[in-house]
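Visitor: Got a structure here, written out as structure tokens. Questions coming.
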Amino acid sequence: MNAEEYIKLQKAIITHAKESWGGDYKKANKCFKTYTRRICELINAEGINIIYDLLKSDNLAIVSVAAYFLLPINSKVALEAYKKVLGAKHDGIASNAKITLNEWKKGRLSFPLLKDGKIIYTTKDVYKAKIFYPK
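In numbering that gives the first Met the number 0, the protein residues as written are 0 to 134.
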């Protein structure tokens, strides 16, 4: 992925976070779909390293999204990232992280995959298997 694509991806994540908490929900939903699809495409094309790259961001919305995608793959690293997010001064981002972690503990999260050009949501085990064994 080139730098311009990376910036677009980051912008979509940041805009989604901003618009989700007191903004334009249609814009937030569009950004969510955009970044979810793009991350799935990148994972398919380049592997999981894109998620680790996103974790290095100073923006906690980006860190939170990366942690979510990483939970089934490397929960230890993802949970450490979420600890950082939980300490955020932005209530919306910290609140979202708390809800996500509660659902993770209950085993109720699903994760996005790209299948036949469409985003589908699946269990953590199927997600993990598809990431490591794509075919």
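All C-beta atoms in this analysis are idealised placements derived from N, C-alpha and C, irrespective of residue type, glycine included.
From what residue to what residue does the beta strand (DSSP E) around THR121 run?
Guide: Where THR121 is concerned, the enclosing beta strand (DSSP E) stretches over 117 to 121.
Visitor: At what residues does the beta strand (DSSP E) containing LEU150 begin and finish?
Guide: Outside the shown range of the chain (0 to 134) lies residue 150, about which nothing can therefore be said.
Visitor: Would you tell me roughly how many angstroms separate the C-alpha atoms of LEU53 and ALA27, rounded to the nearest one?
Guide: Straight-line Cα distance between these residues: approximately 19 Å.
Visitor: Tell me the rounded alpha-carbon separation between ILE50 and LEU108.
Guide: Cα to Cα, the separation comes out at about 18 Å.
Visitor: Along the alpha helix (DSSP H) that carries SER74, what are the first and last residues, could you check?
Guide: 74 to 85 is the extent of the alpha helix (DSSP H) around SER74.
Visitor: Which same chain residues end up closer than 6 Å to ALA66 when comparing Cβ atoms and leaving out the 5 residues on each side of it in sequence?
Guide: ALA77, ALA80, TYR81.
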